[in-house]
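Just so we're aligned, residue 271 is where the sequence shown starts under the working numbering, counting upward by one.
The C-beta atom is built at its ideal place from N, Cα and C for all residues, glycine as well.
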Amino acid sequence: MDGTGTPAAPGPRPADDPDGITGTRHGTAPVPLSVLDLVTVGAGHTATEALRTSVELAKLAERRGFHRYWVAEHHSMPGVASSSPAVILAHLAAHTARVRLGSGGVMLPNHAPLVIAEQFGTLEAMAPGRVDLGLGRAPGTDGATAAALRRTERLAEGADDFPQHLAELTRFLDDDFPDGHPYARIHAVPGPVQATAPGGVQSRHRPPVWLLGSSGFSARLAATLGLPFAFAHHFSARNTVPALDLYRDTFRPSALLDRPYALIGVSALAADDEGEARRQVLAAALSMVRLRTGRPGLVPTPEEAANHSWTAQEREFVDSWNADVVHGTPDQVRAGLDDLQKRTGADELMLTANAHSGRARLRSYELVADAYDLPTG
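What follows is the structure, given as structure tokens:
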């Protein structure tokens with residue numbers, strides 16, 4: 271903040287990374303570290319509290335040298351208060367000055383491309399040079415909710431038309447529909463048109479597009495277009511290495527990137543002792559059990575999870591799920607993340623800490639930062 275309470279101007283980006291895609295490694299971390307926030311709401315807590323935690327977490331991420339902070343679009347899930355990424359990001363932009371902010375992601379089939387271009391053009395105007403636009407092709411919810419969002423029962427159409435909608439969105443972001451195109455006279459505002467209008471001084475910079483995925487489809491599309499790629503290792507660990515290999519093997523250099531750049535989302539939770547970490551991840555796993563069986567709710571307390579009467583099927587799911595959650599003491603989490611980065615070759619690790627309380631989530635990121643000797647201010 272400056273003396274007036276206004277966030278300071280963002281610092282300059284490296285000359286070889288004008289779009290802020292390539293992060294800076296700090297401390298002893300093997301690669302840049304970032305944050306994925308699901309704005310989780312625990313039993314006994316409110317969405318207001320969860321959103322306040324997000325502000326505190328974004329400030330922590332900025333202070334401790336995490337490269338970017340993303341929020342993910344989800345719908346009809348009581349335990350996840352991130353249905354409107356653009357709204358949350360605008361709020362976070364007002365409380366931060368340097369950390370990159372973005373979507374991890376916006377689900378493109380749920381929205382008209384022009385609407386997304388307008389929303390993220392607005393965010394770019396609020397936080398110049400530090401906004402990312404991550405896009406996914408899944409609905410981020412169940413089929414019935416997706417139908418309500420899209421006002422159609424033809425849900426497969428959204429995913430099938432993803433490349434076409436992506437191309438349209440990119441045209442709106444760049445304001446470069448060709449002459450004769452039905453949308454040639456339509457402009458996403460705020461946006462580049464304000465740089466070319468008489469008297470315009472607006473920067474033509476716009477948020478870089480990332481493709482998100484949990485399989486090979488988006489990996490191949492990102493490679494074909496020369497875009498950065500984010501893989502959802504935190505819920506599709508089995509597909510991580512094949513998808514990243516596909517992305518790297520088929521990558522074509524573009525004006526945005528001359529070589530592949532891939533981050534992976536990782537469930538990671540550190541606590542002061544191993545037992546507390548196990549308690550927290552068990553509660554998050556119970557929340558996932560309920561979601562997968564059509565009973566979504568608030569994230570239960572660790573006490574509720576400890577006293578839950580687990581069926582054999584639930585226990586099998588939890589064991590499998592938690593096997594891919596890096597958790598434990600700070601040293602254990604650091605070792606797990608180091609090993610994961612070596613196995614996948616990820617260029618960046620984006621950590622999501624799912625726990626019942628905001629306090630536990632904030633503590634986890636602080637402990638990880640300490641474990642890697644990240645900056646302290």
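Please state whether DSSP places residue i in a helix, a strand or coil.
i, result
"Arg304", "For the sequence presented, residue 304 should be read as Ser rather than Arg. Three-state result, Ser304: strand."
"Glu343", "coil"
"Met271", "Low confidence applies here, because Met271 scores a pLDDT of 38, under 50, leaving its location unreliable; read the following figure in that light. Met271: coil per DSSP, three-state reduction."
"Phe587", "helix"
"Asp542", "coil"
"His678", "Outside the modelled stretch of the chain, which goes from 271 to 647, sits residue 678, for which no answer is possible."
"Leu351", "Residue identity differs from the one stated: residue 351 is Ala in this sequence, not Leu. Ala351: coil per DSSP, three-state reduction."
"Gly606", "helix"
"Arg322", "helix"
"Asp430", "helix"
"Ile291", "coil"
"Val551", "helix"
"Val569", "strand"
"Gly399", "coil"
"Pro282", "Low confidence applies to Pro282: its pLDDT is 40, below 50, so where it sits in the model is not reliable enough to give any reading."
"Gly391", "helix"
Going by the CB atoms, is the gap between residue j and residue i shorter than 7 Å?
i, j, result
"Phe487", "Ala532", "no"
"Leu378", "Leu405", "yes"
"Phe390", "Pro477", "yes"
"Ala363", "Leu308", "no"
"Leu514", "Thr614", "yes"
"Pro645", "His296", "yes"
"Ala556", "Ala576", "Note that residue 556 is Leu in the sequence shown here, rather than Ala. No. Outside cutoff."
"Trp340", "Gly374", "yes"
When the Cα of residue i is compared with those of the options, which residue comes out closest?
i, options, result
"Glu438", "Pro383, Pro398, His457, Ala492", "Pro383"
"Leu482", "Leu436, Gly470, Ser473", "Leu436"
"Leu497", "Gly375, Gly470, Leu526, Gly469", "Leu526"
"Ser352", "Glu319, Arg370, Thr563", "Glu319"
"Pro600", "Ala547, Ser590, Ala492", "Ala547"
"Leu607", "Ile291, Thr298, Thr292, Ser484", "Thr298"
"Gly535", "Leu516, His361, His504", "His504"
"His626", "Glu573, Ala605, Gln611", "Glu573"
"Asp444", "Ala458, Phe432, Val603", "Ala458"
"Asn592", "Gln550, Tyr339, Thr581", "Gln550"
"Glu584", "Thr563, Val603, Asp402", "Thr563"
"Gln602", "Asp640, Asp589, His578", "Asp640"
Item to check | At least 3 beta-carbon pairs within less than 8 Å: the region 525-542 vs the region 587-596 | outcome: yes
Checklist entry - Taking one C-beta from the region 301-316 and one from the region 347-367 each time, how about it: are there three or more such pairs within less than 8 Å? => result yes
Item to check | 4 or more residues per run - each alpha helix (DSSP H) lying fully within the region 443-516 | outcome: 463-466, 486-495
Checklist entry - Would you call the region 619-639 and the region 297-306 in contact, with 3 or more CB pairs under 8 Å? => result yes
Checklist entry - Using 8 Å as the Cβ pair cut-off and three pairs as the minimum, do the region 451-466 and the region 515-523 touch? => result no
Next on the checklist: Check whether the region 625-644 and the region 563-572 touch, using three or more Cβ-Cβ pairs below 8 Å as the test.
Outcome noted: yes
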